[in-house]
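Numbering (the UniProt record's numbering), first residue to last: 1 to 339.
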Amino acid sequence: MESTRTLSDKIFLILKGLGMGAANKVPGISGGVVAFVAGFYEEFIYSLRKINAKAFKLLINGRFKSFYKYVNGRFLGLLFFGMIVSYFSISKALDYLIKYYELYVWSVFFGMIIGSIYYINKDFKDWNYKTYLSLFIGIVLGMSVSFLSPAKENDNLWFVFFCGIISVSGMTLPGFSGSFILILLGNYVLLLVESVNALFDTFFDIFEWDFSFIHNFERIRMLKVLLVFTLGSLTGLITFSHLLSYILKHYKSITISTIIGFIIGSLGVVWPWKKTIYKLNETGQFIFDSRGEKVIANYKRYIPELGSETYYAIAFIVLGIAIVLALEIYGQKTRKSHA
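If you want it as structure tokens, here you go:
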């Protein structure tokens, strides 16, 4: 695959990584949907599957070039580079947009999910009682997630490791939002806000040659939490990829129909017209995170009234659909140029 990947392909792969990273950060959006629609989902899963005992043996023996080629290193490297850049750039912009233009941001995402359903379904022809049943199960599971009540924050390292494993479901399983799962587990702010802020602060301190943070118990605790969460995420990523690659190989039609169901079910999570419900303490006061922002508990969905705001939201839904269709057109042109 590497020999046929042009410079423009590599640039677009980084851009796809940016999109995947941004999607993974936003509750309700699945980075796996980006991978599926952008046409690199199977390559992503099969590349991750290559991170196995043979790969580690190559690494330990110092055969770095063979290791890099074996695990499809250029593909994974460019993709993860885009994700990392996204996490510290685009996702920050999304935080701002969701804060001030929440309805319109969710509307774009809602449109992108609709476009994704169309994209995946249009080429899927293997409908039978098994795939229809898988579709139904996927829809039920996807919808049921949005009605679960969030748990309390838990910084136990074993639970944090478990959160890491679960959170990558959004990358490997289209339709399941890892960040929304973290909200339900009660650790979204701890793992995707406070621990990341601690890492930011640590980088700045080191850059200024200030190592006093090693005596800051809270900072060290947050860095330890982030490290364990990262290890859990890597474990989940490799484990899920091996499982999904096997399922895709032996039960492809059932897997794809289930994924379509997951994505349809996720429409309930990203429904644009919702009221944010914030966490309250025992005295009924708002709970704030380290940035002074209210901690989100869940969302209450409602049917909008017709008006200019609703019409604008519908226009953004159409924009979301158009973005996915544009990605599809680009993907078709790319495949033709490689044929």
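A virtual CB, placed ideally from N, CA and C, is assigned to each residue, including glycine.
Note that the coordinates shown come from a computational prediction; the quantities given were computed from them, not determined experimentally.
Does the CB of residue i have a neighbour CB from chain D at under 9 Å?
| i | result |
| --- | --- |
| H242 | Here there is only one protein chain, and chain D is not present. |
On the criterion of 16 or more Cβ atoms from any shown chain inside 10 Å, does residue i qualify as buried, or is it exposed?
| i | result |
| --- | --- |
| V140 | exposed |
| E208 | exposed |
| T258 | buried |
| R49 | buried |
| G187 | In the sequence under discussion, the amino acid at residue 187 is Asn, which differs from the Gly named in the question. Classification for N187: buried. |
| F36 | buried |
| I214 | exposed |
| E305 | exposed |
| I166 | buried |
| T131 | buried |
Taking just the CA atoms, how far does residue j sit from residue i?
| i | j | result |
| --- | --- | --- |
| V225 | V71 | 28 Å |
| G115 | S241 | 25 Å |
| K57 | T239 | 18 Å |
| T235 | I98 | 30 Å |
| I137 | K249 | 20 Å |
| A322 | N216 | 49 Å |
| S266 | F211 | 44 Å |
| S3 | I260 | Note that S3 has pLDDT 49, beneath the 50 cutoff, so the model's placement of it is unreliable and the number below is only indicative. Approximately 32 Å between the Cα atoms of the pair. |
| V33 | R74 | 22 Å |
| D201 | L190 | 15 Å |
| A315 | M143 | 25 Å |
| F40 | T283 | 49 Å |
| M1 | Y302 | Confidence at M1 is low in this model, with a pLDDT of 49, below 50, so the placement of that residue is unreliable and no value is reported for it. |
| S135 | N61 | Rather than Ser, the amino acid found at residue 135 in this sequence is Leu. The alpha-carbon atoms of L135 and N61 are separated by roughly 45 Å. |
| G77 | Q285 | 45 Å |
| V269 | R63 | 45 Å |
| N281 | L59 | 49 Å |
Let me check you understand the geometry: is the CB of residue i closer than 8 Å to at least one non-hydrogen atom of the ligand NAD?
| i | result |
| --- | --- |
| E305 | What this structure holds is no ligand at all, so the ligand NAD is not there to describe. |
Out of the options, point me to the one whose CA is closest to residue i's CA.
| i | options | result |
| --- | --- | --- |
| S30 | K50, V193, D210, G178 | G178 |
| G17 | F213, Y87, N61 | Y87 |
| G320 | I181, T131, Y118 | Y118 |
| A313 | L182, E102, N61 | E102 |
| L325 | R74, T283, I120 | I120 |
| I220 | L231, G232, S233, N197 | N197 |
| I329 | T230, A38, G284 | A38 |
| residue 346 | S89, F262, I317 | Because the chain here runs from 1 to 339, residue 346 falls outside it and cannot be looked at. |
| G232 | D155, F204, G164, I181 | G164 |
| K85 | K25, T6, I303 | Here residue 85 is Val; the residue named in the question, Lys, does not match the sequence. Nearest of K25, T6, I303 to V85, Cα basis: K25. |
To which residues does DSSP link residue i through a beta bridge?
| i | result |
| --- | --- |
| R301 | K274 |
| F286 | L280 |
- Are three or more beta carbon pairs between the segment 267 to 277 and the segment 106 to 115 nearer than 8 Å? yes
- Are there three or more Cβ pairs, one per stretch, closer than 8 Å when the segment 31 to 44 is compared with the segment 152 to 171? yes
- Item | Cβ pair count under 8 Å reaching 3, the segment 243 to 262 against the segment 119 to 135 | yes
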